[in-house]
Each structure stands twice: as structure tokens, then as C-alpha cells.
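**Q** Please find one structure pasted underneath; my questions will follow.
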Amino acid sequence: MDNIVEVRDLCVTFKTSEGSVYAVSNVNLDLAEGKTLALLGESGSGKSVTMKSLMRLHPPHKTQITGSIQVAGRDVLALGNRELSDMRGKDIAMVFQEPMLAFDPVFKVGDQIAEVVMRHEGCSYEAGRDRALEMMECVHIPSPRKRLDAYPHEMSGGMRQRAMIALALACRPTVLLADEPTTALDATVQIQVLLLLRELQREFGMSMIFVTHDVGVAIEVADEIAVMYGGRIVEQGPVDEVMTDPWHPYTQGLLGATVYPNMDPATRLVSIPGAPPQLYRQITECAFAPRCPHATDECHDPLPPPTQTDQRMARCIRLPEVAGALPRASV
Amino acid sequence: MTAFLQVEGLQKYFPIGKNFLGRPTQVVKAVEDVSFATERGKTLGIVGESGCGKSTTARLLMDLSPPDQGRITIDGQAYGKGAGRKPITALRKRMQMVFQDSYASLNARLTIEESIAFGPKINGASDREASTKARDLLDRVGLDPDNFIRRYPHELSGGQRQRVNIARALAIDPEIVILDEAVSALDKSVQAQVLNLLADLKAEFDLTYLFISHDLNVVQYVSDDVIVMYLGQVVESGPAQAMYSTPAHPYTAALLSALPALHPKDRKTRAPLEGDPPNPISPPSGCRFHPRCPFAEPMCAETVPLLADIGGGRHVACHMRVPGSGYPDVRPIVTVAPSPTA
Amino acid sequence: MQTTPKSANALKAADGGKIATKSRGYWATVWLSLSRDPISIVCASILVLLVLIAILAPAIAPYSPSQGAMVDRLLPIGSPGHPLGTDELGRDMLTRLMYGGRMSLLMGILPVFVAFAIGTSLGLMAGFFGGWVNTLVMRTTDVFFAFPAVLLAIAISGALGPGLGNSMFALTLVFIPPIARVAESVTTRVRLLDFVDAARASGANSLTIVRVHVFNNVMGVVFIYATSLVSVCMILAAGLSFLGLGVKPPTAEWGLMLNTLRQSIYVQPWVSVLPGFMIFTTSLCFNLLSDGLRGAMDLKR
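Chain order of the listed sequences is A, B and C.
No gaps in the numbering here: position 323 of the first sequence is 323 in my numbering, and each next residue is one more.
No gaps in the numbering here: position 53 of the second sequence is 1053 in my numbering, and each next residue is one more.
No gaps in the numbering here: position 118 of the third sequence is 2118 in my numbering, and each next residue is one more.
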């Protein structure tokens, strides 16, 4: 099986006036063709930073990226500015949380999609508009011909998100990056967009990396899931296995802290004490140890290599004892 | 016999756009004829999508924007416009609110102590009393007073700030606390801490909660009763467990089946509703839900459905669900209430 | 083997351990970050030095500012006894620049300070109460905006007649509208934040809310803006004096000195530009300091 995305030992450090922020440490990712990987984590876990690195979207003079990133056989970190612009939008495209920010408010939606197509494929404006119409139909925007001439603010939230997906997919990218694309949407619209993304992925045969903080959303779209905490991937594996049999104490805690339908109001939620770590220093030990109910002294030593099986990975030295220690009694 | 908290006929139209004479050209019917009631010590959940009027309802109750109409009764004392009623402003001593944005709802220039002590001070407490109160409340919400009392909001994490906001709301001894998306912006692990804290405080201070959220699971977990709002109107109300297991209104059913799956094998295959919620500036005629409703009949576009009693303390505003209308049972609503992971 | 579950105290420790350093107040934080900015430190030092020299001028100046010898007129920079030369009446330039600083700094700072007090109050009122109060205040300030600042200062000053008091009054009037406008826009933004609603919900009246919650959030921003206006004010004041509308000779003032020395520019160019250089340096320092302050006061979440 060919991997369309391969990330090895990725570290991303931001330089700020208050010192370095070690946003992502030693991340390894593999994404097979046609598959979806969900990066699940809380704010500050490094999930968005990891994803933006795949397109090198960080401000270059303030960011230090080490490791290697291969997307569709190309070494992203070695690309020149010209090649990078060619790659962005063509081989790899992105869908953002807030579509209003992704569209330029003074241009018509159809023209913005056409422009991307013209730039990457060197075709005429008419051909670009034709593609835009085709894309608007693909994402099921009602009366697409009319909507081509609409401005972004004239569309409703869900429709704008569809239009942004149309924009991202206009050049048939092989990899789609989605950064919390449904978080700002209402519940009934969120499920529409998730279903749409799944449908388009099948149709176009593309691979997708999906960043979310919502366990349910990850389950809806992902084949593989990578749980991030404190800038590292703490657990990775097929979504059904990780979500039903979490190995890492953080994953267990996250699932325990999530409110499920039909929970007995009398049961207390399993909360994780404390707050996520600040990344102002390079955390070499387990970042979750200060909050972990299973932590022992050795958990504060530098992390050994992760425990790895064919399909799954988890970074916890106490794994044999901890795995299966599900805090949810009802399960 | 009236309930502890009773809200009747709450209404608010916002004028938008004015012509050159200063007359509004359009109105947003943000909240229209909203009524609900709850008992002391209970939690009433209010759910709905953006623009459904749930946050406006909270602001009306706190008189942060004055309601056009409506009567609020707490423990037999009526508030609102009209003879024999106290002004709604007087409610503020009995009702407090926690906002969604933990950062924006604290003054960045004040210490934690000053923020919490502000309420008691302006209600007549001495500096010393207010300070003692602030320390006491910080301790109750799980923050060490010695460590936190002199800090500023930007030095706290989101969860800690929301604890401070809860302490601030409790500082003037309210009987009712409105939680307007109070845990929505928090990370899941922190959200669980705050939900547990809220449950403890409710028992400790004998509080009544109005829990406003878009998160149906959380609302089900915390609430005794739930009301569902759509475009400024209540479409369904009733005990939480009954409503979640057999939703009466098609919109409630759609909301529930729009919840993401809990296991990959239960993934959704189709969306329960098409399109976005309509713009509240020009809501649809008749039943406001009819353009998106899979069960709509011609009459739904013409006549506004009223909240009808369907037994078991439940009410629903749907022509198709009113007993004796000939419609119920004919087209049962397929509920897709997800079950927990097995 | 499992460790014992974390107690409530451990939770506090884990929660609180995030911020190891002790808490600092807002202004202490601003000061700390300002002190890390070399440009701000240099500018502030220069300004402090200039103010000190101006205050101590009678004690440290080598000569009298108003007496000179005609035989020593227009001596070049570096002349014995007159390190910065002399002016067209033979008065010592160093002395006159020291004394001139008193007037120029006063005329640069005081009008802005008074305008800051009045403009902020007006802007707060207009922004917080909105409605017709806002319309009244803001439309009145708009009238003043119809005229360029220089023209307005000259017109008011000219109508009132020359003199220190009148020109300062004119400058104050010129700076009230822009400050009021900034204060109003900031107030309008702050008023919509949740903590103002929270304060209202706890039963506070408008005056208390403005005093405790709105004022300190507005003041910082307006203060930064006002410091940037000091340089403008100094230049305007110098301009008024240059035109003969400010202080009268023989009082030393940088703008006036620039005016009287302008005839000698071909004789002693370097001496003639000295007052201009002082005006330039001082206003630049105020501007850079204002920029530094803006950066320092911008607290991140």
C-alpha cells in the first residue's frame, strides 16, 4: 500500500518574544491513498500546527521545522517558494473552520474558484467558470449557476462551507486537509458537511487529514485516528479499535470525560484533573504524567520509544497495566 | 399553583435598518411568545441552533436587553411591565448569568478578587466582607484563594477563568443561575471538571439552573426538563429523558439524529435535514420549521401551531402531533437516538 | 501498582502549577515589557533628560537667556565660552535652548494633557450612553474635523490674539475632537464585551460600570494615542510661535528661536537649525515611545 503522506520525526518550534514554543515534537504520520486520518486533540495539542506544516503555512522566519514531510512523493520541506505555491491548492488543499475568512469578501464566489483553476491549470476564464459550476454541483449547492455570482456574505454558513470545499477541490487535489471544518456549524448542518466530505472523498479518491477536537466527528469520518497531547501523538490506530479499546490514559480520560447520550445524570463524569501543559519548554518526558491517574515516578523520565503493533501505537511506559483500564464503568 | 420560576409570553423584536425617518425597515423576531417553567433545585435545559433565540432569552431574563413583552414570576413574585409587578431589573438580585467566553466576561484590568468582590460591594457589602466572600467562593469552585486571588485573567487557563466566572455569578447569592453555553468553549477534559463542579454547587447552594447549550448530549446529562427552540419559538418542552427517547417534534428528532455516531459501525448514511436554518429576519409563515420538515402538510405553511399538551408534562408545537388531530401514530417519527458504545 | 488518586489539593497544585512565577499587576507587566524594548528605553531616557534640563535651566545654564553681547553675535558652534554658538543678538544658544525647552515642552504636553482629560470624558460618555448623547458629542467633534488641525490652531489663536495662554487654549481645543473620537470608538467596543454585561447583571449602575470596568480599559488605548499627539502639539506650538501667535520675544522658545534665526541661515546654518533639531528629536522620541507603549500594553490571552 502506498503512502501518499509520510511525516517523519516532525518538530515545529515557534520563536516568540517570550521564548520558544515547542508546538509539535517527533510526530510520525502515514496516510494511505484514499484514507482519512483524524488528528484528535484539545486546544494547544499541536494538531492544527502539524497539519499546517504539511503545506508549510507557518510564517517562515518565526518557525523552525525539522524532520521530513513527504506529500505525493515530494519533499515538502525542500520545496522552493515557486514549487510550494504550485503544490498548494493543486496537490494538497485545505478547508478551514471559518469559511468567511477563506473567501475574499469583495469577489464573487464563482470567480474565486475560477481563479484558482486558471492559476494552476493555465486555462481560460470560461473554462475556470465551467469548472466552478461543476464543483458547485458536486458539493450540492442548490441552484449553483445562480450562486456562482453570489458574494460570500450572501450565503448561509453551511452553504459557504460547501463553497469552500468546492474551492479546495477545484483542482482535484490528492490530499485534502480539513481544519475543524464543522466546528462553527449548527448540528443539523454539521452532519450534512461531514457526509458531503465522505462522499467527495470516495468520488475523487483523495486522502484526507481531518483535525478535530470532537470524538464524534472523528468517528464519523476517519479510518485512522491519531490522538495528540502536548505536541506529541500519544496514540494512533484504526478508529474503531482506538475508540472502543483506548490504550493511552489520555485517550481513556478523553473518552471518559465526553458526555454520551442517555448517561445517568447521577453518575459523575470522569474528569482529568488539571490543565494541558504549556509548551514553553521541550517536554521529553510524558506530557500527560502530571494529570495521569496511573503515573509513577518513572513516568517523569524521558520517554522511551512508543509501543508499536502492526496497526496501533501508544506512547506510555505503563501500557501493559494501563491498557484496558477503562474508566467508564458502563462499557 | 405556579412553578418556582415561570416565564410567560416573553417577546423581543430587534429593529434592523432604519429609513431616513428613523423607522425600522425590518425586524428580527428574535424571541416570540416564549413561555416555560421550572421548579426550585431543577435544571432546565434550552437547546437549539444558532439564531434560535436561546441566548436572547437569557439576556431578556437578565434585562441586558429589555423585553418587549413578558412576565417572569419567581416564587409568586411577578416581574415585568405592568401593574403590581416589580421591574425586571430587580430580578438581578435573584438571578445571575455565566457567559460562554470566559475571557471576555472578565475585566482584564481587574484582579480575580476585584472581579468577584465587585457584585457584593455594589450590593452594600463592606470591602472586608466582599473580600472574605471572594476567598470563600474561590475555594468552593476549586481554586486555591491564596494562589489565585491576586492574579489577572490572562494568567489563568480557560477552565480556571470559567471557575472564576461561576464564583462571580454566585457572589451575590442568586437563586437562579443562567449558564449560557458556559462549558461550550472548554476542552472536553476541562468541561467534565466544570460540569461536575456545577453539579456540586447546585446541591450546595440550592440553585436552579437554566442551562443553555447547543450540545444535546450535555443538555440531556444535566437537565431535568428541556425546551427546544427554533427561530425564536419553543417547539417542544418536557422532561429530558422522555423527550430524548421519543422526541415529539420533527425538529427535535432531527437534532437528535444529527448527533455524530459513537462507533464507526453506526455512521450516518444520510443527513436528517437539508439546508440551513432560515434567516430570522423573514421567518417562514405558519410553522417556521415547515420548509425543512419531512412531514409538512399544506396547512403547516398557513397556520401557526400552538404548544399543545401531549401528556406526561410534555408540550409540542406541531400540527401533526396534536392528539385528536388524526395525524399522530399515522406517521411515527423514526428516532435515531444513538446508544452508547457497547 | 497504582498511585493513589489525586486529591482535591493535588488538583489545585496541578492547575496552579501552570504559572510558576508570581503574579504581577497589569501596569507592572507593561513596565516590564517596556523595559525590554531598547528603543523605548532610549527615547524615555532622552525625554527625561530634556525635562530635567528644562526644569533645572536657571541653575545650570551658563548665561542669562535674555542678555547677550552684540559683538559676540552669530558665533559658530564650538566657540570658546559658547559651545553651541550664539544667536543673532549674541545670546548663548545653549542657555536659550535649555530655557526654550521649558516653554516648548510645556506647550507640547499641557494642551494634550488637558485635551486628554476632556476628550476622554466626552468620548466615554458618548460611547457608553450612545443615542442622542453620542450624536450630540460626535457630530460636534465632526465640525472641528472639517478644518485641518494647523489651520484651526492658527484661526483660534489668531482670533484670541497672541500670547502663551491663548495659544495653549487653542491647541487644547484642537486636540479634544480626535481624542474624543478615539475614546468613543474604544468605549463602544468595550461596552459590548461580556464583562460589562456581567457587571450590569450584578446590579451596578452605569456610573459604577464606567468607573470600574470601562474607564481603565479605555484609558490605556487613549493614553497611547495622546502620547503620539504630544509630538504633533509641539510642532504646532512651534509653528504658532514661528508665526508670532505664541510666546513673544525675548522669551526663549524653540519655535520662536527657529523663526528669528531663519534670517541667519546663510551666515550660521548649523546654529540656525539647532532649535529645529530639538523639536525634531523631542517629537520623534514621543512618537517612538508611544509605539513602544502600544506594543507593551497589548496583553496576549
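Every residue gets a Cβ at the ideal spot worked out from N, C-alpha and C, and that includes glycine.
Please read these numbers as outputs of a predicted model, since none were measured by experiment.
1. Chain B beta carbons: is any one of them nearer than 8 Å to that of C/Tyr2026?
2. Mind checking if B/Leu1170 is an interface residue toward chain C, Cβ cutoff 8 Å exclusive?
3. Determine, for B/Pro1015, whether the minimum Cβ-Cβ distance to residues of chain C falls below 8 Å.
4. For B/Leu1307, which residues in the same chain have their Cβ closer than 6 Å to its Cβ, ignoring the five residues on either side in sequence?
5. I think A/Ser207 touches A/Val234, with their Cβ atoms under 8 Å apart; what is that distance to the nearest whole Å?
6. Examine the Cβ distances between the region 2089-2108 of chain C and the region 2124-2134 of chain C and report whether three or more of them are shorter than 8 Å.
7. B/Glu1274: which of A/Val24, A/Gln97, A/Ala257, A/Leu196 sits nearest, CA to CA?
8. Would you kindly check if the distance between the Cβ of A/Leu200 and the Cβ of A/Thr182 is under 8 Å?
9. Is the beta carbon of B/Val1234 sitting closer than 8 Å to the one on B/Tyr1209?
10. For a contact meaning CB atoms closer than 7 Å, what does B/Asp1276 contact in chain A?
11. Give the interface partners of A/Thr258 over in chain B, defined as CB-CB distance under 7 Å, in chain order.
12. Give the DSSP-derived three-state secondary structure of C/Thr2021 in the structure shown.
13. Using CA coordinates, which residue listed in C/Leu2284, C/Ile2209, C/Ala2153 is at the minimum distance from C/Ser2241?
14. Have a look at the DSSP bridge pairing and note the partners of A/Met228.
15. Pull the bridge partners of B/His1315 from the DSSP assignment, please.
16. With distance defined between alpha-carbon atoms, name the residue in A/Asp86, A/Gln64, A/Pro238, A/Thr63 nearest to A/Arg74.
17. Got a sec, what are the start and stop residues for the alpha helix (DSSP H) C/Thr2260 sits in?
18. The region 2185-2198 of chain C: which residues have C-beta closer than 8 Å to a C-beta of chain B, in chain order?
19. So which residues on chain C does B/Ala1104 lean against when the C-beta distance must stay under 8 Å?
20. If you measure from the beta carbon of A/Asp186 to each beta carbon in chain B, is any gap under 8 Å?
21. Count the other CB atoms within 10 Å of the CB of C/Met2070; is the residue buried (16 or more) or exposed (fewer)?
22. Confirm, please, whether the CB-CB distance from A/Met135 to A/Gly128 is below 8 Å.
23. Can you pull out the residues from the region 2199-2213 of chain C whose beta carbon lies closer than 7 Å to at least one beta carbon of chain B?
24. Check B/Met1015 in the structure and name its three-state DSSP category.
25. Check whether the region 150-163 of chain A touches the region 106-123 of chain A, counting contact only when three or more Cβ pairs, one atom from each stretch, lie closer than 8 Å.
26. Could you pull out every residue in the same chain whose Cβ sits closer than 7 Å to the Cβ of C/Asp2291, ignoring the five residues on either side in sequence?
27. According to the Cβ coordinates, are C/Gly2081 and C/Cys2233 closer than 8 Å?
28. Kindly indicate which three-state DSSP category A/Arg392 falls into: helix, strand or coil?
29. Provide the residue(s) that pair with A/Asn3 in DSSP beta bridges, ordered along the chain.
30. Cβ of C/Val2133 versus every heavy atom of the ligand HEM: is any distance shorter than 7 Å?
31. Are the region 2185-2199 of chain C and the region 2213-2229 of chain C in contact at 8 Å, needing three or more beta carbon pairs?
32. Taking C-beta pairs closer than 8 Å, name the residues in chain C that B/Gln1096 reaches, listed in chain order.
33. Taking only beta-carbon positions, decide if A/Gln311 is within less than 8 Å of chain B.
34. Tell me whether the beta-carbon of B/Ser1000 lies closer than 8 Å to the beta-carbon of B/Val1226.
35. Within 8 Å of any Cβ in chain A, is that where the Cβ of B/Leu1010 sits?
36. Could you check which residue in B/Arg1135, B/Thr1252, B/Pro1120, B/Gly1286 has the C-alpha nearest to that of B/Ile1112?
**A** Taking the coordinates as given:
1. At least one C-beta of chain B is nearer than 8 Å to the C-beta of C/Tyr2026.
2. Not one chain C Cβ lies under 8 Å of B/Leu1170.
3. Output row for B/Pro1015: interface = no.
4. Counting only Cβ-Cβ distances below 6 Å, and skipping sequence neighbours, we find His1315, Ala1317.
5. The beta-carbon distance between A/Ser207 and A/Val234, rounded to whole angstroms, is 23 Å. This is too long to meet the 8 Å contact definition.
6. They do not touch, by the three-pair rule.
7. The shortest Cα separation from B/Glu1274 among A/Val24, A/Gln97, A/Ala257, A/Leu196 belongs to A/Leu196.
8. Cβ atoms of A/Thr182 and A/Leu200: not closer than 8 Å.
9. No, they are not a contact pair.
10. Ser156, Gly157, Gly158, Met159, Val189, listed in chain order.
11. Here the neighbours are Lys1188.
12. Confidence in C/Thr2021 is poor, its pLDDT being 42 and thus under 50, which makes the residue's placement unreliable; the coordinate value appears in the next sentence. Reduced to three states, the DSSP call for C/Thr2021 is coil.
13. Nearest C-alpha to C/Ser2241 among C/Leu2284, C/Ile2209, C/Ala2153: C/Ala2153.
14. Paired residues: A/Ile233.
15. Note: B/His1315 sits in a beta bridge opposite B/Ser1237, B/Asp1309.
16. A/Arg74 has its Cα closest to that of A/Asp86, out of A/Asp86, A/Gln64, A/Pro238, A/Thr63.
17. Annotation for C/Thr2260: the continuous alpha helix (DSSP H) segment containing it runs 2254-2261.
18. In summary, the residues of the region 2185-2198 of chain C whose CB is separated from some CB of chain B by less than 8 Å are Leu2193, Asp2194, Phe2195, Asp2197, Ala2198, in the order they occur in the chain.
19. The contacting residues are Leu2193, Asp2194, Phe2195.
20. Yes, A/Asp186 counts as interfacial toward chain B.
21. So C/Met2070 ends up on the exposed side.
22. No, Cβ-Cβ distance for A/Gly128 and A/Met135 is not below 8 Å.
23. Along the region 2199-2213 of chain C, the positions whose C-beta sits under 7 Å from a C-beta of chain B are Ala2199, Arg2200, Ala2201, Ser2202, Gly2203, Ala2204, Thr2208, Val2212, His2213, read in chain order.
24. This sequence places Pro at residue 1015 of chain B; Met is not what is there. Under the three-state reduction of DSSP output, B/Pro1015 falls in the strand class.
25. When C-beta atoms of the region 150-163 of chain A are compared with those of the region 106-123 of chain A, three or more pairs fall below 8 Å, so the two segments count as touching.
26. Correct list: empty, nothing qualifies.
27. No; because the gap between Cβ atoms is not below 8 Å, this pair is not in contact.
28. Because chain A in this structure spans residues 1 to 331, residue 392 of chain A falls outside the shown range and cannot be described.
29. Under DSSP, the beta-bridge partners assigned to A/Asn3 are A/Ala32.
30. No copy of the ligand HEM occurs in the structure displayed, which carries no ligand at all.
31. A contact exists between the region 2185-2199 of chain C and the region 2213-2229 of chain C.
32. Going along chain C in sequence order, the residues near B/Gln1096 (Cβ under 8 Å) are Ala2201, Ser2202.
33. Output row for A/Gln311: interface = no.
34. Absent from the model: residue 1000 of chain B. The displayed extent of chain B is 1001 to 1342, so no value can be given.
35. Cβ-Cβ to chain A under 8 Å: no for B/Leu1010.
36. The shortest Cα separation from B/Ile1112 among B/Arg1135, B/Thr1252, B/Pro1120, B/Gly1286 belongs to B/Arg1135.
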